Structures are given as C-alpha cells and as structure tokens.
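Visitor: FYI, the UniProt record's numbering numbers position 88 of the sequence shown as 88, with every residue one higher than the one before it.
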Amino acid sequence: MLIAVIVALAVGTYAFRVSGVLLRDRLDLPAWARALLPVGAAALLAALAATAALTEVGRFAGWARPAGVLVGVLLAWRRAPFVLVVVAAAGTAALLRLAGVP
Numbered sequence: 001m002l003i004a005v006i007v008a009l010a011v012g013t014y015a016f017r018v019s020g021v022l023l024r025d026r027l028d029l030p031a032w033a034r035a036l037l038p039v040g041a042a043a044l045l046a047a048l049a050a051t052a053a054l055t056e057v058g059r060f061a062g063w064a065r066p067a068g069v070l071v072g073v074l075l076a077w078r079r080a081p082f083v084l085v086v087v088a089a090a091g092t093a094a095l096l097r098l099a100g101v102p
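1. Applying the 10 Å Cβ sphere with the 16-neighbour rule, what's the burial state of residue 110?
2. With a cut-off of 8 Å, do at least 3 Cβ pairs link the region 87 to 102 to the region 57 to 73?
3. From the DSSP output, which residues share a beta bridge with residue 65?
4. List the endpoints of the continuous alpha helix (DSSP H) containing residue 107.
5. Kindly indicate which three-state DSSP category residue 34 falls into: helix, strand or coil?
6. Check this for me: beta carbons of residue 83 and residue 75, under 7 Å apart or not?
7. Can you give me the C-alpha to C-alpha distance between residue 61 and residue 77, rounded to a whole angstrom?
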C-alpha cells in the first residue's frame, strides 16, 4: 500500500511538472500575473521556512529553535561558510535548551 501511494505521488508530481512545460505556450497570462509568479514562489518558500522554524506538532516550538534559526540567518546573511551557519544555529538552539529555555 505504501509503495502505491509513493508511486501515485511520483506520477502526479511528474504529470504536474510536464503539464507546465507542455501548456506554457498555450496559456497567455497577463503581464501582472507573470510578474507575480516569482514573488508567489518566494512567499511560499518563506511560509514553509517560517512554519518549520516556529512550529512543532501544530504548536509553538519554543524560543530555542527560532533563536537558532535567527543565528543561522544572520550568519548566512554575513556570508559565513555553510558549515559554520549550521553548527552555530544548532549550537545556539542546543545551548538554550540546555539552559532550560523551551
């Protein structure tokens, strides 16, 4: 049963992507809609990142995780090496949890 679900999702994803390529020339979107597509993708990615950073099992994840994410974002913004960004973010969250911050 699980394999069937995985295959169905894979086929659906592939069909969705192929339909975009095949229908690109048939759909004539207005200029304002074409301008909003990249913004929509960025907004969707930001919403996904915010949800993952702030919630756990549908509730607020506590202050340690958002603090770690904030440290990671600041270091990435300052163009720190990726390994440093990940280690600093995880270390910040771990130290705050060790200190008793939820």
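Every residue gets a Cβ at the ideal spot worked out from N, C-alpha and C, and that includes glycine. Please read these numbers as outputs of a predicted model, since none were measured by experiment.
Guide: The relevant details are as follows:
1. Since the first and last residues shown for the chain are 1 and 102, residue 110 lies out of range.
2. yes
3. Paired residues: none, contrary to the question.
4. There is no way to answer for residue 107, as the model of the chain reaches only from 1 to 102.
5. helix
6. no
7. 24 Å
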